[in-house]
Amino acid sequence: MAEAADKPCTTHPPQPGQSERLSRQRARTRAALLGAAQRLLSEQHRADMSIREITEAANVGFGTFYGHFANKTDLLEAAMSMTLEQHSVRLESTVANLDDSAEVFAVGVRLTCRLQRNHPQVARILLRVGLPRLVSSVGLAPRARALLRASEAAGRLRVGDLEVALASTGGSLLGLMQLLDAEPHMDAEKASDHLAANLLRMFGLPHDDAWDVATRPLPVLG
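All letters in the sequence shown, in the order written, are residues 2 to 223 by the working numbering.
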């Protein structure tokens, strides 16, 4: 018994940096799954996809999926939310140096509509997301609410009912993006500028002022 008690412990402590490497690997696997889900979501005429399709597209083992997501719905929800957040962050960075809240609003409309031509994967995911999620508590909606409140407080736009204003804007965006998706030869730049001007007029800007704001030089989406 004494000899057994004197034997050295054979349990090996974690190697330095091992936990960090595992964390990085987990992050890469999760990102690969989310990226694959985004690509599959953006494919036209796709009504469904299997977990195996997703893991194959992500180039990860099938068995790793459940270490990151409870089920396919959980992954797709995360992928759609991530797409909204990524686009929102890029927009926020793009308009950071603009002082006119009406112009910030117009730039958001113009760049989002142009996604159908410049970033079709993002546009198709937004179309699949639909209006309820577009005006929810993640991504574009919280920033749009804050912008519309600030613009009304500054006397630049007349918003009225905030939720109606947000739904009107979101519905108009999705409607034009759907039209651009269906009409590949349509001038997306001209159409998105017209939509921005129309929305600004709806929120109280005079005709000429709205058109001037909606046709100012457009910053590049970050």
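Idealized CB from N, CA, C, for every residue including glycine.
Bear in mind that the values here come from a model prediction, so they are computed numbers and not experimental data.
Exposure of residue i, with buried meaning 16 or more beta-carbon neighbours within 10 Å
{"i": "residue 89", "result": "buried"}
{"i": "residue 23", "result": "exposed"}
{"i": "residue 3", "result": "Any reading at residue 3 needs caution, since the residue's pLDDT is 42, under 50, leaving its predicted position unreliable; the model's value is listed next. That one is exposed."}
{"i": "residue 51", "result": "exposed"}
{"i": "residue 5", "result": "Confidence is the limiting factor: at residue 5 the pLDDT is only 42, short of 50, which leaves the residue's position unreliable, though a coordinate-based value still follows. Its Cβ having fewer than 16 others within 10 Å, residue 5 is exposed."}
{"i": "residue 39", "result": "buried"}
{"i": "residue 154", "result": "exposed"}
{"i": "residue 117", "result": "buried"}
{"i": "residue 194", "result": "buried"}
{"i": "residue 76", "result": "buried"}
{"i": "residue 30", "result": "buried"}
{"i": "residue 104", "result": "buried"}
{"i": "residue 74", "result": "exposed"}
Contact set for residue i: own chain, Cβ-Cβ below 6 Å, skip 5 residues either direction
{"i": "residue 239", "result": "Shown here, the chain extends from 2 to 223; a query on residue 239 therefore has no answer."}
{"i": "residue 56", "result": "63, 66"}
{"i": "residue 43", "result": "122, 125, 126"}
{"i": "residue 8", "result": "Model confidence at residue 8 stands at a pLDDT of 43, short of 50, so the residue's coordinates are unreliable; what they give is reported in the following sentence. Cβ within range, chain order: n/a, list empty."}
Other residues of its chain near residue i: CB distance less than 8 Å, five sequence neighbours each side excluded
{"i": "residue 219", "result": "108, 111, 112"}
{"i": "residue 132", "result": "168, 171, 172, 175"}
{"i": "residue 177", "result": "114, 192, 193, 196"}
{"i": "residue 81", "result": "42, 126, 129, 130, 134"}
{"i": "residue 189", "result": "114, 115, 117, 118, 181"}
Three-way DSSP call (helix, strand, coil) for residue i in this model
{"i": "residue 63", "result": "helix"}
{"i": "residue 204", "result": "coil"}
{"i": "residue 88", "result": "helix"}
{"i": "residue 52", "result": "helix"}
{"i": "residue 106", "result": "helix"}
{"i": "residue 214", "result": "helix"}
{"i": "residue 194", "result": "helix"}
{"i": "residue 99", "result": "coil"}
Residue j beta carbon less than 9 Å from that of residue i
{"i": "residue 149", "j": "residue 167", "result": "yes"}
{"i": "residue 228", "j": "residue 99", "result": "There is simply no residue 228 to check, as the chain begins at 2 and stops at 223 in what is shown."}
{"i": "residue 157", "j": "residue 102", "result": "yes"}
{"i": "residue 211", "j": "residue 192", "result": "no"}
{"i": "residue 222", "j": "residue 53", "result": "no"}
Own chain, CB closer than 7 Å to residue i, minus 5 neighbours either side, in chain order
{"i": "residue 200", "result": "110, 170, 173"}
{"i": "residue 159", "result": "153, 204, 205"}
{"i": "residue 78", "result": "none"}
{"i": "residue 10", "result": "Its pLDDT being 47, under 50, residue 10 is placed unreliably in this model, and the coordinates cannot settle the point."}
Quiz item: What alpha helix (DSSP H) runs, 4 residues minimum, are completely inside the region 136-192?
Solution: The DSSP assignment places 141-154, 163-183 as complete runs of the alpha helix (DSSP H) inside the region 136-192, in order along the chain (cut-off: 4 residues).
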